[in-house]
Each structure stands twice: as C-alpha cells, then as structure tokens.
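Quick notes on the structure that follows.
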Amino acid sequence: MNPDQSNTKPVGPVITLAGEDLTGKRSRLVVLTHDTGVGEVKLPTSNSALALFLLNDEAADTERVEVEPLIPGKTYRTTQKDAVNPGDELVLADVGTAADKGKLRKLPAVAGVYLRLGFAEKKCGAGELVEWRFAPELVHVASADTITGAADLAATKAAVLAILQAHGFVV
Numbered sequence: 596m597n598p599d600q601s602n603t604k605p606v607g608p609v610i611t612l613a614g615e616d617l618t619g620k621r622s623r624l625v626v627l628t629h630d631t632g633v634g635e636v637k638l639p640t641s642n643s644a645l646a647l648f649l650l651n652d653e654a655a656d657t658e659r660v661e662v663e664p665l666i667p668g669k670t671y672r673t674t675q676k677d678a679v680n681p682g683d684e685l686v687l688a689d690v691g692t693a694a695d696k697g698k699l700r701k702l703p704a705v706a707g708v709y710l711r712l713g714f715a716e717k718k719c720g721a722g723e724l725v726e727w728r729f730a731p732e733l734v735h736v737a738s739a740d741t742i743t744g745a746a747d748l749a750a751t752k753a754a755v756l757a758i759l760q761a762h763g764f765v766v
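Count along the sequence shown starting at 1, add 595, and that's the number in our numbering.
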C-alpha cells in the first residue's frame, strides 16, 4: 500500500457543508468551494462553473450535506431545465435565472464554448429528473455564416483591405 495515499476517500458520496441555503435543491449540480479554508458546496454562479458534484441532500446554509462526485461513464438523475431526448448534449442551465442554478439544459444553438457535462439517456420534460451519462468535454458551437450576398462580400473585402493597408501589408 502506498503510504502517501493513507486516509484518502474511496469513490462515493462525501459529507461537506452547505455554503448557502440548498433547501429544495436535491439532485442539482453543485460546485465545491470553501469558506476560509473549510470545504462547502454551492450552486454554480457561472455557466462555465465546474459543477462536478451531485447534491444528494437538502440543507440550510452551514448544515452538513451529502454530495456525490461525478464519475465519467456513470449515469445520474438531475433536474432538467427544458425538454430533452436521448442523445441530447447537456450543459448547465443559465445561472442568470436563480431558479435554474444547478439544473441542466440542452446545448444551446448560440455560438460559444460550453462545458458539455454529458448526454441525456432518456426522454424528459422540463422540470423533471433526466437520466444522463456524465461525459465532460468542452464543445464549440460555431456561429452561422452571415455573409449572404454580394453586398456583404464587398463590405467584408473592403474591411479586410482597410486592415491590411493600415498595417502596411498592402498599398
């Protein structure tokens, strides 16, 4: 046995403190953080947060709560923001709506980089518990090509030419 690994925890649920009121938030995803060095969990505050724990309990701020670290390949059930079908990619719901913090949603069509947490395995309606498989990966949603005609192309050409001239690449 490796003595450096003594007193470590096996895979499975752990007990920590609630860093905010988590009443009514069971089965949501939470972020491990700390308060002056004391571990606690909170709902995500950004859409790109590393919410890598599933909340198994409900608790008021500073009370003990059980969380489960997410393990790649394992399935979980988490509250869903919108309706999904099997195979839909899932990301954190927009934290701009306080009631949606810690929920999942389908990968948006809006251009950007997202932390895909996994894939829906079952059909699910909004507000229901979706069964999903944890398969984290950064995904990029490309923006649509907005050059639609000769006028757009001419404007783009003029802009590129102006930039090249400003930097002395062309006369």
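Ideal Cβ positions, reconstructed from N, Cα and C, are used throughout, including at glycine.
| Check | Outcome |
| --- | --- |
| Check whether leucine 712 and leucine 685 have beta carbons under 8 Å apart | yes |
| Contact between the region 689 to 703 and the region 623 to 630 (3+ Cβ pairs under 8 Å) | yes |
| Endpoints, beta strand (DSSP E) assigned at leucine 699 | 699 to 701 |
| Valine 794 vs asparagine 651 beta-carbon contact at 8 Å | Examination of residue 794 is not possible in this model, given that the chain is present from 596 through 766 alone. |
| Same chain, Cβ closer than 8 Å to alanine 655, five either side skipped, listed in chain order | Ala613, Asp616, Leu617 and Thr618 |
| Selection from Tyr671, Thr603, Val633 and Gln600 that minimises the alpha carbon distance to arginine 621 | Tyr671 |
| Terminal residues of the beta strand (DSSP E) in which proline 664 lies | 659 to 664 |
| Beta-ladder partner(s) of leucine 627, from DSSP | Val636 |
| Local conformation of valine 690 per DSSP, three classes | coil |
| Alpha-carbon spacing of valine 609 relative to arginine 659, whole angstroms | 10 Å |
| Within 8 Å, strictly: CB atoms of glycine 707 and valine 736 | yes |
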